[in-house]
Every structure is written in C-alpha cells, then in structure tokens.
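Enquirer: Please see the structure below; I have some questions.
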Amino acid sequence: MPLTVSIQPGSNVPIYRQIVEQVCAAVFTGRLLDDEALPSVRALAEELVLNPNTVARAYGDLAREGVIESHPGRGMFVSRRRQIYSGPERTRRMDQAVTSLVSEGFMLGFTSAEIIERVAAKTREAPAAKPTRPAPKGGPR
Amino acid sequence: MTTVAPAFLDDAADAGARDVIRAQGLTAYFGAKKVVDQLSMTVPRGSVFAFLGRNGSGKTTTIRMLLGLLPPTRGSSTVLGHDSQHLPSGARARIGYMSESHSLYEWMSVRECGDFQSRFYPRWNARVFDSIVGHFHLDPRAKASSLSRGERAGLSLAITLAPEPELLILDDPAIGLDPVARRSLLESMIYVTRGADRTIFFSSHLLDDVERVADQIAILDRSVLRARCSVEYFREHVRRFVLHFGEDGAPPAALPAIRGLLHARRAGRDLALTIAAPDDDTHQRVRALGAASVEETPVTFGDAMVGYLGDRGEQGFFLDGNTATSGGASA
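Chains as they are written, first to last, in my numbering: chain A, 1023 to 1163; chain B, 21 to 351.
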C-alpha cells in the first residue's frame, strides 16, 4: 500500500516530525510492510510540496530510530528489526505514551474502565498485533 | 552545460562560491527616513531563503538594492560574486527577479510574452515556460491584460523561471493569490530546487508556505535585521513557558529582566512567556517567579514569528545562530 502522509503547517509539531510520526504509524499498523520501499526524498518532497531537506531530515531521524534503513543505491526501506530500544528506554517511551493517553481520556470525561475497554478494542483490531520478531539471523539485508 | 554563451564565461570564477548574496552594512534612507539600517547577511547557494518582516520593514528596498535598482546610502552588496551596483549583463541573465507588481506587456498574449522574453535569454527553456503556463491553467492565446491576479503571477513566474536562473528573487510572489494559484507557486518553487545549486530568495507573509518550502529565514523588523538562521533553528529556539500560580498566588505585577523575553501574557492566575533561546539562566529566572508549576511547550512557527515581531523585542537573538552572519566577512 502506498505511503500516505498529510502535512499540517502551522502546527506546533514541526513538519519533519509529522512525517516521522506518520511513517512510524504506518509501519507499526502494518500499512507499510517490512522491506517495503519508501518514496525517494525528492518524490515525497514534490508530492507533499515541501523543501526536500525537511523530508531528508525526517528520513534521517527514522533511520536513526531504526524504523527505516538505507540500502545504498536503492533507497530507503522499512527495517526488519525495529526493536532498537533497550529495556528502560522502551519502558519509558511506553509509559510516556500511556500517560498522555490516560490524561487525555480523563480530560474528555472517560472513566478508567472505559479507557481500558477502548484500548483493548484497539489492540485487537490493529493489524500490527504482530509483536516485533527477534532480529533475523544475519541482520537486515 | 558544455555550450555556454560567451557572456557567461567571465563568471566562471565565482561558480563555486558558497554564498550567492552577501550584504555588508546595507543602508538606505528615503530623505530623512531610514528604510534599511546596516543590513549584513549572506544567502548560501542552494538554499530556499525566506525574507520575512511586516509591511514597510524594508524588504522590497533591500531587494532593489541587491539587484542594483537602487543605490544604497551606505554599505554594499554582492550578488553571484558581483557588486550589485555594477552587475554585468552575464550575471543579470543568471538572476530571475519577479517584482510585486508583475509588470507585463499588456497587449501581448501569454505565448507572445514568452516568445518576446525568450530573445533576451540564451538559456531560455521553452518547456519550463509551457509547463508553468499549463500548471496555472493559462490559455496561451489570452491577452496579458485579461488575466486575473493569480494568472498574472503564473505568467510572471513562467517568464522568470524559463531562463533557468541560478538565483531566483521573488518579491512577495504569493500576494493576492487564491489557494490553487498559491499551491502552483509552491510546487514551482520546489521544482526549481531540483537543481541542487539553484537558490531561491523570496519574501512572504504566508508563514504556512514559508514553513513548507523554506530552509533559511531572515527577519527584518523596522529596517533592522533581527534574525538570520534556519527555519528549524528558529522553531526550536522560541519556547513558551506557561506558569500556573496556585489559589493563593498570582503572577508578579512587574516582570524582572529575562534575556530573550519576547512576549508575556497574563490570564487570571496564569502567565505565558514566549522566550527566545532560553538557557539555564532563563529557566532559573522563570522558576524564581514563584509559580506553582511551570510547563514548557513548543510554539508554532507563526506564533514564534509573531512573538518575535511583537511589541517587546528590540534585539536580534538569532543573528549568531548561523555562521558567516557577523561582521568582518570582507569579500
């Protein structure tokens, strides 16, 4: 499935970060598959009408976070091994996401049971209910 | 690039130069009124450089001085390595300039405008002209005088881009454009960046567009250059602090000096401070205000700009955010 990114200038999230977040979301919900090619920096910049440096920065961050990887001469691809965070950092990131979700839920007037219920429903329907596999032998190709 | 008109050959010396524009102490007076005050900056080759500031801040005057259309009262500038006041025709041919007014030959059709202009440019690329004309949905047979504001901008842009200028200078190109024409303009600008060493220097008030296409900015405020840095640097270094004062507290009546403070707003027991480039000292001073809690949040590019150009600041905080902006860089 082709990558669809939509950009909101004027947000307090910088544009390169919006790209990072949407590519991450696409990867972790299975809309982008392992080893799938990403559009080139130039192609995505022209499609989204953005300075190519912004896209390049987003790809750089995604590569550093291990979500995508560069295959020299061929372009950027979704990484197979994405579990790049070590124990405490992995936990910290999860806690951060949960904290923000829970406070948003309470702010909107949901009870804790309702929040848990909705999270459970979401985890069931997400196509990425595939937990990240252990790294394949020999590393990414 | 093997066949180059003789006029271009003498410019080969600056072909590798890093900066396409260098201004040193550029100053303009109109009578007793200072319009541009000692502006020094450089525009790196290959950048998409947004020149920002409120109306009347001196942007158009600066552009006219850079192009040699107006002699500076003091100071100097070079464009593509040549003194702005003595630009050789070969260098001029490598600069594409679109003024605010889109002056066109009104009696000519769109196609005739292109044909006419093409005779002045050895490097005229008819495919670029046609594709921009098509992009803006212009009828090649339509008279220039019959075009709408957006269509005129499209034709101007086609005429400006067809010679494939190395340096594109656009003075408020988006003014008066509808959203579709604006998007076509941005797409054309991104298209230009396909040439890695082509530079776009443009002024604009449309910060969403600037955020999309620019990588460098300069901010002029009341004739003075107040910032010259990358878009990202600017975004990341303007921060907002929201201070909550508890039930028995209240924001102080007067604020102590905080370096970089751009804007302060009170709302009941809350105080919001917009601060440029906060450091440890800033954080300490903010905490010393005695709020029950302090929350640091990012701001939008627009908020950062408005904060920067607002009532408070008189200084430039981001002039040293980039190399080669301080004085002493003699040509």
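Just so you know, even glycine gets a beta-carbon here, dropped at the ideal spot from N, CA and C.
Check whether the Cβ atoms of B/P64 and B/D103 lie closer than 7 Å to each other.
Expert: Here residue 64 of chain B refers to the residue found at position 44 of the second sequence. Here residue 103 of chain B refers to the residue found at position 83 of the second sequence. No. Outside cutoff.
Enquirer: Are the C-beta of A/E1126 and some C-beta of chain E separated by less than 7 Å?
Expert: Structure shown: chain E not included; protein chains present are A and B.
Enquirer: Using a C-beta to C-beta distance shorter than 8 Å, which residues of chain B count as neighbours of A/V1071?
Expert: As a first step, residue 1071 of chain A is located in the first sequence; it is residue number 49 there, counting from the start. The answer, in chain order, is R203, L206, E207, I210, R232, V233.
Enquirer: Where DSSP assigns a beta bridge to B/E120, which residues make up the other side?
Expert: Working through the second sequence from its first residue, we reach residue 120 of chain B at position 100. None; B/E120 has no bridge partner.
Enquirer: What's the C-alpha gap between B/S96 and B/A52?
Expert: By 1-based counting over the second sequence, the position of residue 96 of chain B is 76. By 1-based counting over the second sequence, the position of residue 52 of chain B is 32. One C-alpha to the other measures close to 20 Å.
Enquirer: Out of B/D159, B/L187, B/D135, which one is the CA nearest neighbour of B/G110?
Expert: Taking the first residue of the second sequence as position 1, residue 110 of chain B is located at position 90. Looking at the Cα atoms, B/L187 is the closest of the given residues.
Enquirer: Quick check on DSSP: helix, strand or coil for B/Y49?
Expert: Within the second sequence, residue 49 of chain B is the residue found at index 29, counting from 1. Note: B/Y49 maps to strand in three-state DSSP.
Enquirer: Check A/E1058 in the structure and name its three-state DSSP category.
Expert: To locate residue 1058 of chain A, count along the first sequence from 1; it is residue 36. Here A/E1058 sits in coil by DSSP.
Enquirer: Give a yes or no on whether 7 Å exceeds the smallest Cβ distance from B/V68 to chain A.
Expert: Sequence index remark: in the second sequence, residue 68 of chain B carries index 48 (1-based). Judged by the 7 Å Cβ criterion, B/V68 is in contact with chain A.
Enquirer: Can you confirm whether B/R38, when its beta carbon is compared against all beta carbons of chain A, has any partner nearer than 7 Å?
Expert: In the second sequence, the residue the question calls residue 38 of chain B occupies position 18. Not an interface residue.
Enquirer: Apart from the five residues on each side of it in sequence, which residues of its chain come closer than 6 Å, Cβ to Cβ, to B/F69?
Expert: Residue mapping note: residue 69 of chain B aligns to position 49 of the second sequence, counting from 1. Taken in chain order, the residues that qualify are V63, F221, Q236.
Enquirer: Is the beta carbon of A/L1072 closer than 7 Å to that of B/R218?
Expert: What you label residue 218 of chain B is simply residue 198 of the second sequence in a count that begins at 1. What you label residue 1072 of chain A is simply residue 50 of the first sequence in a count that begins at 1. A/L1072 is positioned such that its CB atom lies no closer than 7 Å to that of B/R218.
Enquirer: State the Cα-Cα distance for the pair A/L1025 and B/D228, rounded to the nearest angstrom.
Expert: Here the question's residue 1025 of chain A lines up with position 3 in the first sequence. Here the question's residue 228 of chain B lines up with position 208 in the second sequence. Looking at the two C-alpha atoms, the distance is approximately 23 Å.
Enquirer: Output yes or no for whether 7 Å exceeds the beta carbon distance between B/R169 and B/G134.
Expert: For the purposes of this step, residue 169 of chain B is identified with residue 149 of the second sequence, where counting begins at 1. For the purposes of this step, residue 134 of chain B is identified with residue 114 of the second sequence, where counting begins at 1. Their beta carbons are not under 7 Å apart, which means B/R169 does not touch B/G134 by this criterion.
Enquirer: Look at the Cβ atom of B/V55, then the Cβ atom of B/S243, and state whether they are nearer than 7 Å.
Expert: For this step, residue 55 of chain B is matched to residue 35 along the second sequence. For this step, residue 243 of chain B is matched to residue 223 along the second sequence. For B/V55 and B/S243, yes; Cβs fall inside 7 Å.
Enquirer: Under a three-way DSSP split, which group does A/V1077 fall into?
Expert: Counted from its first residue, the first sequence places residue 1077 of chain A at position 55. It is helical.
Enquirer: Between the alpha carbons of B/P318 and B/F254, how many angstroms are there, rounded?
Expert: For the purposes of this step, residue 318 of chain B is taken as the residue at position 298 of the second sequence. For the purposes of this step, residue 254 of chain B is taken as the residue at position 234 of the second sequence. In a straight line, the C-alpha of B/P318 is about 11 Å away from that of B/F254.
Enquirer: Quick one: what does DSSP say B/S67 is sitting in, helix, strand or coil?
Expert: Locating residue 67 of chain B in the second sequence gives position 47, counting from the first residue. B/S67 falls in the coil class under three-state DSSP.
Enquirer: Can you grab the Cα-Cα spacing for the pair B/L86 / B/A194, in whole Å?
Expert: Translated into the one-based positions of the second sequence, residue 86 of chain B becomes position 66. Translated into the one-based positions of the second sequence, residue 194 of chain B becomes position 174. Using only the alpha carbons, I get a separation of about 21 Å.
Enquirer: List the DSSP bridge partners of A/V1063.
Expert: Within the first sequence, the letter at position 41 stands for residue 1063 of chain A. Paired residues: none, contrary to the question.
Enquirer: Any chance the segment 282-295 of chain B sits against the segment 261-273 of chain B, with 3 or more Cβ pairs inside 8 Å?
Expert: yes
Enquirer: Against A/I1037, what residues of chain B qualify as contacts under a CB-to-CB distance less than 8 Å, listed in chain order?
Expert: Within the first sequence, numbered from 1, the residue matching residue 1037 of chain A stands at position 15. The answer, in chain order, is E231, R232.
Enquirer: Which residues bound the beta strand (DSSP E) around B/S224?
Expert: Along the second sequence, read from residue 1 onward, the residue named residue 224 of chain B stands at position 204. Careful: B/S224 lies outside any beta strand (DSSP E) and carries neither H nor E.
Enquirer: Would you mind sorting B/N75 into buried or exposed? The rule is 16 or more other CB atoms within 10 Å of its CB.
Expert: Sequence index remark: in the second sequence, residue 75 of chain B carries index 55 (1-based). Exposed, by the Cβ-count rule.
Enquirer: Check the Cβ of B/G330 against every Cβ in chain A and list those closer than 8 Å, keeping chain order.
Expert: Counted from its first residue, the second sequence places residue 330 of chain B at position 310. None at all; the shortest Cβ gap to chain A is about 18 Å.
Enquirer: What are the residues that DSSP puts in a beta bridge with B/L190?
Expert: Against the second sequence, residue 190 of chain B aligns to sequence position 170. In DSSP, B/L190 forms a bridge with B/M118, B/F222.
Enquirer: Closer than 9 Å between beta carbons: that is the criterion. Which residues of the segment 281-292 of chain B meet it against chain A?
Expert: Nothing from the segment 281-292 of chain B brings a Cβ to less than 9 Å from some Cβ of chain A.
Enquirer: Residues in the same chain with beta-carbon distance under 6 Å from B/S165, minus the five sequence neighbours each way, listed in chain order, please.
Expert: As a position in the second sequence, residue 165 of chain B is number 145, starting the count at 1. Result list for B/S165: E126, in chain order.
Enquirer: Mind checking B/G36: buried by the 16 CB within 10 Å criterion, or exposed?
Expert: Position 16 of the second sequence, counted from the first residue, corresponds to residue 36 of chain B. Confidence at B/G36 is low in this model, with a pLDDT of 49, below 50, so the placement of that residue should be treated as unreliable; the coordinate-derived value is given next. Result: exposed.
Enquirer: Using only CA atoms, which one of B/A178, B/A201, B/D191 lies nearest to B/V212?
Expert: As a first step, residue 212 of chain B is located in the second sequence; it is residue number 192 there, counting from the start. For the residues B/A178, B/A201, B/D191, the minimum Cα distance to B/V212 belongs to B/A178.
Enquirer: Any beta carbon from chain A within less than 7 Å of B/D228's own beta carbon?
Expert: For the purposes of this step, residue 228 of chain B is taken as residue 208 along the second sequence, with counting starting at 1. Taking Cβ atoms only, chain A reaches closer than 7 Å to B/D228, which makes this a yes.
Enquirer: Closer than 7 Å by beta-carbon distance: list the chain A residues that pair up with B/P318, in chain order.
Expert: Taking the first residue of the second sequence as 1, we reach residue 318 of chain B at position 298. Neighbours of B/P318 on chain A, chain order: N1034.
Enquirer: Relative to the C-alpha of B/A43, which residue among B/S77, B/G73, B/D192, B/R84 is closest?
Expert: The residue you call residue 43 of chain B lines up with position 23 of the second sequence. The option with the nearest alpha carbon to B/A43 is B/R84.
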